[in-house]
Structures are given as C-alpha cells and as structure tokens.
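Trainee: Protein chains in written order, with the numbering used here: chain A, 19 to 474; chain B, 19 to 474.
Have a look at this one:
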C-alpha cells in the first residue's frame, strides 16, 4: 500500500542526498548546441539512466535519435491508475559571456538559499525534483498511484528538432492519459502556479538586398536605396502607434480573452517595480494598448527583433553603403494563430511594403503554435491540490509568455494535454550568466510531486 | 632647362618599374582604423619616405602627429614659379568581408587591365602616379616648372582627425599658392574630369539601450520596448516618402542650385544602364524627388546607414530580446551646411522622436564641410590643358559625391584652393571588396601630372 507519510519522511531525511544528486548532474556541461560537448551529452544521458535504474523502474533505455539521445524509463505496476508521461530535458544553454559568472557554471555552488550552476533551474533541478519524488514514492512509499513513463530529451535548448519524429515513431510506447511537464516556473517563491497556456513561436531571418556589393557612400549615397535603411523602414512598419503588429490578418485568429480570463489575469499578483527589475530595469514598460502587462505576455501575440546586422559594425567609421541587411524576427503566438499562416502574413506584408529598389528573402526556423490546456482535468486538479497542500495557498492558473514546443507536439502527436508545473523563479537567470535554483523550492517541488502522484 | 619630352619618354620606357613601385606600396596593409595594423602604418610611411628620397627632394621627413605620422617632402628650386602643395594619403580602408575578394587584398594582382588590391585606387595608385610624374620631371626632365611640397598623411580613411592641427602648426612650412589633390576620379576611362565641388561628411554612432541585459523574448516580449525595433523606427523616420532627410532644419543652409549649374550638370554624360552597373546592379535607382542622379550625388546632401548591429546575428535562432542596438549613420553634406549644426539637428531629431522606454547616446566621428573651388585659377587651367593633351578631349568640371575633408581644411587653415584631379573610376570598388585601379589610366595619370607641372 502507498504511504504518503513514508515517502515524505524519506525525502525530508535525505535532503543532502538529493542535493548532491543535483550537483553531480549540473556539473556535466551538457550544452546541446555545441558540437565539442557531444561527449558530455553522452555522460549526461548515462547519468539520467543511472538515476532511473536506481529508482526501480521496470525498464530504462537510452534511445537514439538523429541528434542527442532520449533517455526513457517506465514503471507500469498500477494497473487501474492513469498513465502519466513525465517530460524533462538534460541539455542546457551555452554559458557565454563566461566572465560575468561569479562561480564556474559547471562547478555547482551553494550561496545562501541558491544553487548556482548552468542548468540548475532550466531544468536539471526540476528533473531531479520529480525523479526524487518518484524514487521516494516507489522505494519508501510503497508504490505510486499512477503509471509513469519518463522521457528526458537532450535537445530542448536547440528547439527539439528530433522530438516530433521520436514521438511519432514511439506512439505506442508513449501512450498515456496526460503528460506532466516540469519545465516551467512560478512568479514568487511563496506562490505556486500551474501554467495552462504557452505562447507559440515563429522565427525568421529576413535579408534585404540592393547592389551586388558594398558601395562607397559618397559616390553612391543618394542614388542607391540603402538596404539597411529599407530594412529599418520595413521593421518600423511592423508595429503601429498602439504597439499592435501590423502584419495583414495577424490578429484574425487570436482567441479573444473572456471576462473570466481577464478576471483571472487580474488576480495574478503583479508588482510594477519588481516587474521592471526582473526586466533588467528598462526606463519604463511598453506594450500593446488596452492590455495589462500580465495579459501582454500571457495572452497576446508579439513580434520581436532578435538581431540586426548590416555593413560596418567595428570600431570607428567606415563610409560604406552596405549591399545587404539582415534581421532575425520572431513572433510569440497565442491560440488559435497558425504558424504557417503567420509566415504567409509576414510574406504578404513584405510583398506589399518592400520598395522596388531592393529584393528580399525570408528563411523560416522553428515553428510551433501556442497551446491552452484544460484547467479542470484530473491532472490539473491533482496538481492544484498538491501545490495548495505544500505551499499553503492555492496555485494561480497562468498563461506564460515563453514557448515549450514539446507541449504542442505531445498534444498533436500523442493526443494528450500537459500539466505544466515547475518551480523556477523569474530571477533564475535562465539562458544568462549566474543561473540559479532557489533550494527551498527544490525541496517543496519534490514534496509537491509526491503529493501530485498520490492525488491521482 | 625642363624637357617635357624627356620626362614623358622616361616614364613610357619604365612602366614596369612604376607598376612594381605601386605593387610594393599596395602590399603593405596600412589600415589606419585597426590598431593591430599600427606597425604596417609605420612601414607604409617609411616606404613613402624612401620613394621621396629617391626622387631627389631637398628635404624628406616623417613627421609625428597625435595619430599616424605625416610624410613630407619638398623641392623648392624654381624660385619664380608657383608653389604647389601636393596632397595624398598612404592609409587604406579595412578589407572585410574578406571572403568576397577574388584575390588577397594585400597581394596586388594584375587581371586584364586592372590591378586588384586594397588601396590600388584609393589612393596608393594615385600617390604613385603623381610621385612618378614629379620624379621623372626632376630626374629626367631637368626640373619642374613649380616648387612642390608633398604631404602624404596616414589618417584620411578615419576622417583625418589630426590633420587640421598639423596644418595649423606647420603653416609656414606648408605655405603655397594652391594645393593639388589627387584623391578623386573620373566618370569614364576616356573622359577626364576636374572636381570643383566635394560633399562634406558627418559620421555618427548611435546606440539605443533598454534593459540592462539581454532578455528572454518569451518572458519579456510585449512588455519591454525592444531597442532594435526602436532603432529601426528612429532610422525609418529620418527620410520622408520623397527621399528627403527629415532632421529639423537639415536643408536650411543647403545652397540652391543655379540654373547655370543645373545646365552644367545636365551636360555631364550620364548613361542610366552604365550607372546602374557601376552601382552594383541594384534593381533600380532611388533618390530625392525633383533632382537628377548627377545632382543627387553632386549637389544634394544625404543620410546613409553604414552599419546596423543588435542581438543575435549568428547562424540559426536565438530568442533574445536584445538590451541594445547600434547604427552607424553618416551624412554627406553640401555647401553651406555646417557639420556642427547637422550634429545638433540629429540630436534634436532623436530628442523629439526617441520614446521614453529607451535611452540613447550619440558619438560623433570625423566631420568636415562640403567645398566648392574656383574653376578658373591658374592651377585649374594648367590641369584642364594637361588632361586635354593626354586624353584628347577637354575635361568635364564636376562636383563629386564623396568627401575629402582636407580640401576644406586646406582652404580654411592655409587659405588656398585645391585643384582636384585624380584618375579613379566609378567601378573601382572603393571601400569594398575587389578594389582595383585601371592601369591604362594609371599611366595616363602620370603623363597628365607631368603636363600639369609643365603647364604652370
């Protein structure tokens, strides 16, 4: 028989052990985007497999893909209970600029209440939290109130390029009632959250080209349309004075917020000063007219310039009229925008607005739609109850601005929703120097996952 | 007694020698803007001094400035004749993008009728042309019909930041009747030209800054004003739909073209197809409404974007909301625009138009006003006669789009006009990959300078 108390007692008595497990995991520089770290990717996969084996899984396998392998484990000894596909990733972001780190990103260091390391929050800390919860339940709580299939991939930080194919070719193996995704966070250390919406992504590289080669700006300035100027004009036209995106039809399919949803958004605690601080202290906030900041990141689509390049960018001056100019442009999408349609809208905008003095071409990168999941599924209810038990307050239901393509891929390919419950904090420095994980919530996270499975 | 025929005969018999002199000079990577090329700057100055000494100058010196040195030589043995200050520069532009060069920029290579090398046309080829003319006249023609003071600086490509001070502190040394400036070109290989107008230059680096560090575009896209977007909006607003610059007061001091000048402009041969080819085949021309292309580059001011940089510009995608964005912006100025006033106009534009969600700062680089010189001076007449003799057709009098700040500095500080006579061609790829010099005009140039001095 499952004993919640025994499972909880065990993890409370062995905090040092699970912290050491996280430290050992975070010490492996598993940077998926850098070829020179391929051996480290192998070591990280082996480490996850070792942990899974030690937990008493029925089956553990490192499964190849066209890129980095997926680590899979399953425990299916709860015949009448739901089956949960638990998702995590063992890869991390690059660490540059390295000189801004206060301690080595791969020598995990505890300072105060935080563990500093690349991947501490995104998402090795979250991986170890749910693994420790399942391990304790299985080995010291007498079992689990659910069957679990654990899938930990190695390519999330590069856009999960091989995951859709993996899901499609292992549909039977991965058959489940819903998925648990721990790759998320909460707004304040004392306020748990369940993410029920994520924005999608459409990412593009736009080139504007004029003459075949760079020109002398004295000889040709005034008679050759400068591609850098044209690029700026095209980008400037992509937003109107109200901060709305002007691509034709861009908002046509955007699901309108209901009064109930807006009321929910309004209940989410929001501290303007703190929000500015988390945003790196820009002079002031900005955004689409008619919406609150919480709505703007949670429920409204955006168009961002991620990069600009043209001509001479070194020290000093060079009087060149550049022959070409480039922008990286991405859009965060919300239900029910279709990434393919958004690409057509961008192409239509460029066709309408690019002057005949230049040519342009557009390359599309990773694309995925936004998702909204059911807030009253058995998974969501089990999660909400678990979080309220551990934190003492009910969780807020939130939509998040980021994109987790796997959530939409699991919905589309396996046909199931995800319960998105993680414990990162807004100031964890994800993808930035001095990434950290707040350890009190590492332990609360473990207990929350124990309760979550017990509640099923 | 001076013998024109002997001087001409000598250079005709020693073409290989002067070409080799140019090749050796162009092989020195004297890129003034890059600190790592400082030793090469020293080598280039030594090379010039060596050539001057071999010519039989009375005096040769490498004279320090706060930046790269000036090389000076003088021959003053023609007591009743005018004194000409001959101006050149031994520095060159950077070479990036290097992969677009068909041969190494510092391994000068003859292909067909052209010599390919960085600096071949701008202006080591022109330097060697006037030096060879003076050398041949002195050593094989028996003298010169003028006194010459030769000043070859090393900072033209970075805006001659120390030249004004050098001219001011050596006013007596540099006292002259007029200056000969070879840093220019002609429109067609068979049509010589004298430049009587040059545009000025004002060059700036603009930074727009938002948050203190780069942000995750999912978490913050929609509530933080993207500095790259703001930069594009600011740049887009700098031109109106008629191609006019919108900086407040920008055209207030622009000298209006007279009917006579417009008639002169109309007489300059202009072939649209050829002009497009020289401009690197952009889809079509562009420019300020109400003016011809010759007027646009000769007599109208412009504003160009020379470089753009923000965020992630590597391969692939990175969902960053950049904390800052940069543009290199320069303006070609015409009489009577004042570069200082133009800087104020740009600052005023930014103050009026930059949103309160960002901050900006502006750094000014080299600045100089546009100039118009006398078309009927003794120097101009000697030049016109020399060009007609060598090319068989009279030269056109032109205004040029480029900037040669030294011409206005010499006018202002030494009080003399410049005769601007050079032999570059519009398709010489100045400041761009595959710079070249058309060798038949290298030799015609030498003969033209021999005739020019003979005509004085």
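For glycine and all other residues, C-beta sits at the position ideal for the given N, C-alpha and C. All values derive from a computational prediction rather than experimental measurement.
Is there a Cβ from chain B that is less than 7 Å from the Cβ of residue 194 of chain A?
Mentor: Here residue 194 of chain A is taken as the residue at index 176 of the first chain, counted from 1. Answer no: the Cβ-Cβ gap between residue 194 of chain A and chain B never drops below 7 Å.
Trainee: Report the residue from B:328, B:388 and B:371 whose alpha carbon sits nearest the alpha carbon of residue 349 of chain B.
Mentor: Within the second chain, numbered from 1, the residue matching residue 349 of chain B stands at position 331. Answer by Cα proximity: B:388.
Trainee: Decide if residue 149 of chain B is buried, meaning its Cβ has at least 16 other Cβ atoms within 10 Å, or exposed.
Mentor: Residue numbering aside, residue 149 of chain B sits at position 131 when the second chain is read from its first letter. It is buried - the Cβ of residue 149 of chain B has at least 16 other Cβ atoms within 10 Å.
Trainee: Using a Cβ cut-off of 7 Å (strictly closer), state whether residue 123 of chain B contacts chain A.
Mentor: The residue labelled residue 123 of chain B in the question sits at position 105 within the second chain. Under the Cβ distance rule, residue 123 of chain B does not count among the residues neighbouring chain A, no pair being separated by less than 7 Å.
Trainee: Considering residue 158 of chain B, what are the terminal residues of the alpha helix (DSSP H) in which it resides?
Mentor: For the purposes of this step, residue 158 of chain B is taken as residue 140 along the second chain, with counting starting at 1. Per DSSP, residue 158 of chain B belongs to the alpha helix (DSSP H) from 143-158.
Trainee: Could you name the residues of the same chain whose beta carbon sits closer than 7 Å to that of residue 236 of chain B, not counting the 5 residues immediately before and after it, in chain order?
Mentor: In the second chain, the residue the question calls residue 236 of chain B occupies position 218. Cβ neighbours of residue 236 of chain B beyond the five flanking positions: 337.
Trainee: Which residues, in order along the region 297-308 of chain A, keep a beta-carbon less than 8 Å from a beta-carbon of chain B?
Mentor: Going along the region 297-308 of chain A in chain order, one finds 297, 298, 299, 300, 301, 302, 303, 304, 305 and 306 with a Cβ nearer than 8 Å to chain B.
Trainee: Between the alpha carbons of residue 352 of chain A and residue 402 of chain A, how many angstroms are there, rounded?
Mentor: Residue 352 of chain A sits at position 334 when you count from the first residue of the first chain. Residue 402 of chain A sits at position 384 when you count from the first residue of the first chain. If I take the Cα positions, the gap works out to 24 Å.
Trainee: What do you reckon, are the CB atoms on residue 105 of chain B and residue 199 of chain B nearer than 7 Å?
Mentor: One-based indexing of the second chain puts residue 105 of chain B at position 87. One-based indexing of the second chain puts residue 199 of chain B at position 181. Against a cut-off of 7 Å, the Cβ pair of residue 199 of chain B and residue 105 of chain B comes out as a contact.
Trainee: Check whether the region 365-381 of chain B touches the region 355-367 of chain A, taking contact to mean three or more Cβ pairs, one atom from each stretch, closer than 8 Å.
Mentor: No, the region 365-381 of chain B is not in contact with the region 355-367 of chain A.
Trainee: Are at least three pairs of beta-carbons, each pair with one atom in the region 160-176 of chain B and one in the region 76-87 of chain B, less than 8 Å apart?
Mentor: yes
Trainee: Roughly how many whole angstroms lie between the Cα atoms of residue 377 of chain B and residue 114 of chain A?
Mentor: Counting from one through the second chain, the residue named residue 377 of chain B turns up at place 359. Counting from one through the first chain, the residue named residue 114 of chain A turns up at place 96. Approximately 26 Å, taken between the alpha carbons.
Trainee: My understanding is that residue 67 of chain B touches residue 78 of chain B, with C-beta atoms under 8 Å, so please give their C-beta distance in whole angstroms.
Mentor: Reading the second chain from its first residue, position 49 is the one you call residue 67 of chain B. Reading the second chain from its first residue, position 60 is the one you call residue 78 of chain B. With a Cβ gap of about 5 Å, residue 67 of chain B and residue 78 of chain B count as contacting.
Trainee: I need the DSSP call for residue 96 of chain A, collapsed to helix, strand or coil.
Mentor: Locating residue 96 of chain A in the first chain gives position 78, where the first residue counts as 1. Reduced to three states, the DSSP call for residue 96 of chain A is coil.
Trainee: Please confirm if residue 311 of chain B has its CB atom under 7 Å from at least one CB of chain A.
Mentor: Taking the second chain and counting its residues from 1, the one referred to as residue 311 of chain B is at position 293. Closer than 7 Å: yes.
Trainee: I need the boundaries of the alpha helix (DSSP H) containing residue 399 of chain A, first residue and last residue.
Mentor: What you label residue 399 of chain A is simply residue 381 of the first chain in a count that begins at 1. Residues 396-409.
Trainee: Spatial neighbours of residue 290 of chain A within its chain, please: CB distance less than 7 Å, with the 5 preceding and 5 following residues excluded, ordered by chain position.
Mentor: Residue mapping note: residue 290 of chain A aligns to position 272 of the first chain, counting from 1. For residue 290 of chain A, where only same-chain residues beyond five positions count, there are no Cβ hits under 7 Å.
Trainee: To the nearest angstrom, how far is it from the Cα of residue 380 of chain B to the Cα of residue 332 of chain A?
Mentor: By 1-based counting over the second chain, the position of residue 380 of chain B is 362. By 1-based counting over the first chain, the position of residue 332 of chain A is 314. If I take the Cα positions, the gap works out to 16 Å.
Trainee: What residue does the beta strand (DSSP E) around residue 351 of chain A start on, and which one ends it?
Mentor: Position 333 of the first chain holds residue 351 of chain A. Where residue 351 of chain A is concerned, the enclosing beta strand (DSSP E) stretches over 342-351.
Trainee: If we cut at 7 Å on Cβ distances, does residue 291 of chain A have a partner in chain B?
Mentor: Within the first chain, numbered from 1, the residue matching residue 291 of chain A stands at position 273. Chain B contact via Cβ: absent.
Trainee: For my contact list, residue 246 of chain B and residue 326 of chain A are in at a C-beta cut-off of 8 Å; report their separation, rounded to the angstrom.
Mentor: For this step, residue 246 of chain B is matched to residue 228 along the second chain. For this step, residue 326 of chain A is matched to residue 308 along the first chain. Confirmed, Cβ separation roughly 5 Å.
Trainee: Verify whether the separation of the beta carbon atoms of residue 273 of chain B and residue 354 of chain B is less than 7 Å.
Mentor: Working through the second chain from its first residue, we reach residue 273 of chain B at position 255. Working through the second chain from its first residue, we reach residue 354 of chain B at position 336. Closer than 7 Å, so yes.
Trainee: Are the CB atoms of residue 271 of chain B and residue 330 of chain A nearer to each other than 7 Å?
Mentor: As a first step, residue 271 of chain B must be located in the second chain, where it is residue number 253. As a first step, residue 330 of chain A must be located in the first chain, where it is residue number 312. Their beta carbons are not under 7 Å apart, which means residue 271 of chain B does not touch residue 330 of chain A by this criterion.
Trainee: Alpha carbon to alpha carbon, what distance is there between residue 396 of chain B and residue 344 of chain A?
Mentor: Counting from one through the first chain, the residue named residue 344 of chain A turns up at place 326. Counting from one through the second chain, the residue named residue 396 of chain B turns up at place 378. Roughly 51 Å separates the two Cα atoms.
Trainee: State the CB to CB distance for the pair residue 40 of chain B and residue 146 of chain B, rounded to an integer number of angstroms; the pair is presumed to be in contact (CB under 8 Å).
Mentor: In the second chain, the residue the question calls residue 40 of chain B occupies position 22. In the second chain, the residue the question calls residue 146 of chain B occupies position 128. Yes, they are in contact, since the Cβ atoms of residue 40 of chain B and residue 146 of chain B sit about 4 Å apart, within 8 Å.
Trainee: Cβ of residue 49 of chain B less than 7 Å from any chain A Cβ?
Mentor: Counting from 1 along the second chain, the entry for residue 49 of chain B is found at position 31. Taking Cβ atoms only, chain A never reaches closer than 7 Å to residue 49 of chain B, which makes this a no.
Trainee: Indicate, with yes or no, if the ligand SAM has a heavy atom lying under 6 Å from the CB of residue 290 of chain A.
Mentor: Looking for the ligand SAM in the displayed structure turns up nothing, as the structure carries no ligands at all.
Trainee: Who pairs with residue 188 of chain B in a beta bridge, going by DSSP?
Mentor: Within the second chain, numbered from 1, the residue matching residue 188 of chain B stands at position 170. None; residue 188 of chain B has no bridge partner.
Trainee: Hey, would you say residue 260 of chain A sits closer than 7 Å to residue 307 of chain A, going by beta carbons?
Mentor: If you number the first chain from 1, residue 260 of chain A lands on position 242. If you number the first chain from 1, residue 307 of chain A lands on position 289. Their beta carbons are under 7 Å apart, which means residue 260 of chain A touches residue 307 of chain A by this criterion.
Trainee: Below 8 Å between beta carbons is the criterion; list the residues of the region 409-427 of chain A that meet it against any residue of chain D, in chain order.
Mentor: Absent from the structure: chain D. Protein chains present are A and B.
Trainee: Using a C-beta to C-beta distance shorter than 8 Å, which residues of chain B count as neighbours of residue 217 of chain A?
Mentor: For the purposes of this step, residue 217 of chain A is taken as residue 199 along the first chain, with counting starting at 1. Correct list: 236.
Trainee: Measuring CA to CA, which of B:130, B:132 and B:136 is closest to residue 116 of chain B?
Mentor: What you label residue 116 of chain B is simply residue 98 of the second chain in a count that begins at 1. Ranking the options by Cα distance to residue 116 of chain B, first place goes to B:136.
Trainee: Use the C-beta contact count for residue 447 of chain B: other C-beta atoms within 10 angstroms, 16 or more gives buried, fewer gives exposed.
Mentor: Here residue 447 of chain B corresponds to residue number 429 of the second chain, with the count starting at 1. Buried, by the Cβ-count rule.
Trainee: Using the Cβ count rule (16 or more neighbours within 10 Å means buried), how would you classify residue 72 of chain B?
Mentor: In the second chain, counting from the first residue as 1, residue 72 of chain B sits at position 54. Classification of residue 72 of chain B: exposed, given that the 10 Å Cβ count is below 16.
Trainee: Going by beta carbon distance, what residues of the same chain come within less than 6 Å of residue 142 of chain A, once the five residues before and after it are set aside?
Mentor: Counting from one through the first chain, the residue named residue 142 of chain A turns up at place 124. The residues are 43 and 44.
Trainee: Could you give the C-beta distance for residue 456 of chain B and residue 109 of chain B, rounded to a whole number, given that I count them as a contact under 8 Å?
Mentor: Sequence index remark: in the second chain, residue 456 of chain B carries index 438 (1-based). Sequence index remark: in the second chain, residue 109 of chain B carries index 91 (1-based). Going by Cβ atoms, the distance from residue 456 of chain B to residue 109 of chain B rounds to 22 Å, so no, they are not a contact pair.
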